[in-house]
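Q: First the structure, which I've put down as structure tokens, then a few questions once you've had a look.
Here's what the structure looks like:
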């Protein structure tokens, strides 16, 4: 059985990955992983493809163990793994709670690593891994510091893994979007200082980010960046001193 696994599948970019992967003729099932089972079930009813809703909290060691047991039992061939789960918070580092700090690091980094490690045992030549990075990973971002730092970790880990897996014929594509119209902002701005960031332009659509990500993954690219503004931002991050970029960021955020 050939499957795709998508984490964070109940909303936003993860949900869009499920929609676009559902048109593939090379997949027997799509395993949708998220905490909100009712949303997964609602999505499964809308898409006439064999979808499997799996309610898992990736922050839970027990849930990861449940997934391991399911994989050992069914022994699928994982053709595509999309690590889309994650969340962020705007605001100064001291504005964050201890729980927010731990959860952001654990979900954005640790869960992604353990999910990848687990799934690699079921991947063969031409399998694809897609990691959700962020344009915020291009440079340090005061008042969006921890989220940007976790995404910088994701980018470095994923690009190195892409090289490590070349001999196995498995590719790793890191997706680094700018602002995307999703529920992310509702969570990100729910802090002690909700006015920290207000300038969310340009705003991109999930369908466009995912369409390019899947295309770049098929081409074996190690990074997917959508939008001329974000491509310019990435270029500037290599050319300008980061002190200057941070100074500009604090005045336009």
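In our numbering, the protein residues as written are 26 to 278. Beta carbons: idealized from backbone N, C-alpha and C, even for Gly.
So, helix, strand or coil for residue 90, using DSSP?
A: Residue numbering aside, residue 90 sits at position 65 when the chain shown is read from its first letter. Residue 90 falls in the helix class under three-state DSSP.
Q: If contacts are defined as beta-carbon pairs under 8 Å, then residue 186 and residue 105 qualify, I think. What distance do you get, rounded to the angstrom?
A: What you label residue 186 is simply residue 161 of the chain shown in a count that begins at 1. What you label residue 105 is simply residue 80 of the chain shown in a count that begins at 1. About 15 Å; that fails the 8 Å criterion.
Q: Under 8 Å Cβ to Cβ from residue 99, same chain only, skipping five residues before and after it: list those, please.
A: Position 74 of the chain shown, counted from the start, is the residue given in the question as residue 99. Contacts found: 26.
Q: Spell out the partners DSSP gives residue 57 in its beta bridges.
A: Here the question's residue 57 lines up with position 32 in the chain shown. The partner list for residue 57 (beta bridge, DSSP) reads 31 and 78.
Q: Within the same chain, show all residues whose beta-carbon is closer than 6 Å to that of residue 164, passing over the 5 residues directly before and after it, in chain order.
A: Position 139 of the chain shown, counted from the start, is the residue given in the question as residue 164. Counting only Cβ-Cβ distances below 6 Å, and skipping sequence neighbours, we find 262, 267 and 270.
Q: Taking residue 246 as the reference, which of 55, 154, 275 and 174 has the closest Cα?
A: As a first step, residue 246 is located in the chain shown; it is residue number 221 there, counting from the start. Comparing Cα-Cα distances from residue 246 to each of 55, 154, 275 and 174, the minimum goes to 154.
Q: Return the chain-ordered list of same chain residues with a C-beta closer than 8 Å to the C-beta of residue 147, the five sequence neighbours on each side being excluded.
A: The count along the chain shown starts at 1 and reaches residue 147 at position 122. Within the same chain, residue 147 has close Cβ partners 96, 100, 101, 102 and 103.
Q: Run the CB neighbour count on residue 59, radius 10 Å, all protein chains shown included, and call it buried at 16 or more, exposed below.
A: As a first step, residue 59 must be located in the chain shown, where it is residue number 34. The residue in question, residue 59, is buried, as its Cβ has 16 or more Cβ neighbours within 10 Å.
Q: Could you spell out the range, first to last residue, of the alpha helix (DSSP H) harbouring residue 127?
A: Here residue 127 refers to the residue found at position 102 of the chain shown. Residue 127 -> alpha helix (DSSP H) spans 123-130.
Q: What whole-angstrom Cβ distance do residue 157 and residue 200 have, given they're in contact under 8 Å?
A: The residue labelled residue 157 in the question sits at position 132 within the chain shown. The residue labelled residue 200 in the question sits at position 175 within the chain shown. About 5 Å separates the two Cβ atoms, so the contact holds.
Q: With residue 119 and residue 176 assumed to form a contact (beta carbons below 8 Å), what rounded beta-carbon distance in angstroms separates them?
A: On the chain shown, residue 119 is found 94 positions in, with the first residue counted as 1. On the chain shown, residue 176 is found 151 positions in, with the first residue counted as 1. The pair is not a contact, with the Cβ atoms about 20 Å apart (cut-off 8 Å).
Q: Looking only at DSSP bridge pairs, what is residue 153 linked to?
A: For the purposes of this step, residue 153 is taken as residue 128 along the chain shown, with counting starting at 1. 105 and 196, per the DSSP bridge assignment.
Q: I'd like the list of long-range same chain contacts for residue 233, defined as Cβ closer than 7 Å, with 5 residues on each side in sequence excluded.
A: On the chain shown, residue 233 is found 208 positions in, with the first residue counted as 1. Hits under 7 Å: 251.
Q: On the CB-based measure, 16 or more other CB atoms within 10 Å of its CB, does residue 110 come out buried or exposed?
A: As a working mapping, residue 110 is identified with position 85 in the chain shown. Classification for residue 110: buried.
Q: Less than 7 Å between C-beta atoms, sequence neighbours within five positions excluded: which residues of the same chain meet that for residue 144?
A: As a first step, residue 144 is located in the chain shown; it is residue number 119 there, counting from the start. Here the set comprises 30, 103 and 106.
Q: By DSSP's criteria, residue 228 is part of a beta bridge. Which residues make up the other side?
A: Taking the chain shown and counting its residues from 1, the one referred to as residue 228 is at position 203. Answer is 204, bridged to residue 228.
Q: Use the C-beta contact count for residue 108: other C-beta atoms within 10 angstroms, 16 or more gives buried, fewer gives exposed.
A: The residue you call residue 108 lines up with position 83 of the chain shown. When all chains shown are included, residue 108 counts as buried.
Q: Give a yes or no on whether 7 Å exceeds the smallest Cβ distance from residue 244 to chain D.
A: No chain D appears in the structure shown, which is made up of a single protein chain.
Q: Starting from residue 189, follow the alpha helix (DSSP H) in both directions and report where the run begins and ends.
A: As a first step, residue 189 must be located in the chain shown, where it is residue number 164. 170-189 is the extent of the alpha helix (DSSP H) around residue 189.
Q: Taking contact to mean at least 3 C-beta pairs separated by less than 8 Å, is the region 42-56 in contact with the region 66-75?
A: Yes: at least three Cβ pairs fall under 8 Å.
Q: Excluding sequence positions up to five away, which residues of its chain have a Cβ less than 7 Å from the Cβ of residue 84?
A: As a first step, residue 84 is located in the chain shown; it is residue number 59 there, counting from the start. 128, 131, 132 and 136, listed in sequence order.
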